[in-house]
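Here the structure is laid out as structure tokens; the discussion comes afterwards.
Numbering (UniProt numbering), first residue to last: 1 to 205.
Below, the structure written as structure tokens:
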């Protein structure tokens, strides 16, 4: 593993490239080389956005997942349909903890109350050009009665809730129908740890 630290990167200049719903910064920088010394100056665009929380709502008593479906602009030109089946997710507001974001987004996007949160991972989805850091969780939920259309109209959200079996979700992932990173990571984690969650769940509330 590398011994390099943050001080081994010199940001010569940071300019504002774009300010809108998201932000783009233009950095001029250089960094130390594995062979020794410093590399030449590089110009790189950095997509700057708040960190995110993604939650896989799982009902261990019925062995079911609650997933959400919504239109995703990033898939507009890459898929037959840009409506994607994915996890509950949202961005941090000021001074929120990851757990607070998880509970807020579960209520806003799916009308769900989270019973317990289990951390899965923290990761950078695209560190070559974005500073976004994702906090990924599995949440125990009671899926009975889940469904309908949710989201905040003032944010343009139109989110349909689906309750599907764990087996069906894994099959959709295998077929490439669930093809976003957070969902794939969480479902693979559930393949490894779902048995323990079911064993520890206790009586259904």
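Note that CB positions come from ideal geometry on N, CA and C, so glycine has one too.
The DSSP-derived three-state label of residue 171 is helix.
A distance of 8 Å or more separates the beta carbons of residue 51 and residue 150. With contacts defined by Cβ atoms closer than 8 Å, residue 166 and residue 64 form a contacting pair. With a threshold of 16 other beta carbon atoms within 10 Å, residue 22 falls short and is exposed. Residue 49 carries a coil assignment under DSSP once its states are collapsed to helix, strand and coil. Note on geometry: alpha-carbon atoms of residue 59 and residue 46 lie some 38 Å from one another. For residue 90, the pairing in a beta bridge is given by DSSP as 53. Residue pairing by DSSP puts residue 165 in a beta bridge opposite 64.
Shown here for residue 85: same chain residues with a beta carbon closer than 8 Å to its own, the five before and five after excluded, namely 67, 68, 69, 162, 172, 177, 178 and 183 in chain order.
Sequence-distant partners of residue 189 (beyond 5 residues in either direction) whose C-beta falls short of 6 Å from its own C-beta, in its chain, are 120.
Under the three-state reduction of DSSP output, residue 149 falls in the strand class. In the three-state scheme derived from DSSP, where H, G and I count as helix and E and B as strand, residue 96 is classed as coil. Distance from the CA atom of residue 9 to the CA atom of residue 36, rounded to whole angstroms, is 13 Å.
Burial is judged here by how many other beta carbons sit within 10 angstroms of a residue's own beta carbon; residue 169 has at least 16 and is buried. DSSP places residue 177 in the coil class of the three-state scheme, outside both helix and strand. The secondary-structure analysis by DSSP pairs residue 32 across a beta bridge with 38. Of the candidates 3, 53 and 124, 53 places its Cα closest to the Cα of residue 90. Counting C-beta pairs closer than 8 Å gives three or more between the region 99-108 and the region 138-157, which meets the contact rule.
Membership of residue 122 in the beta strand (DSSP E) is indicated by the continuous run 116-123.
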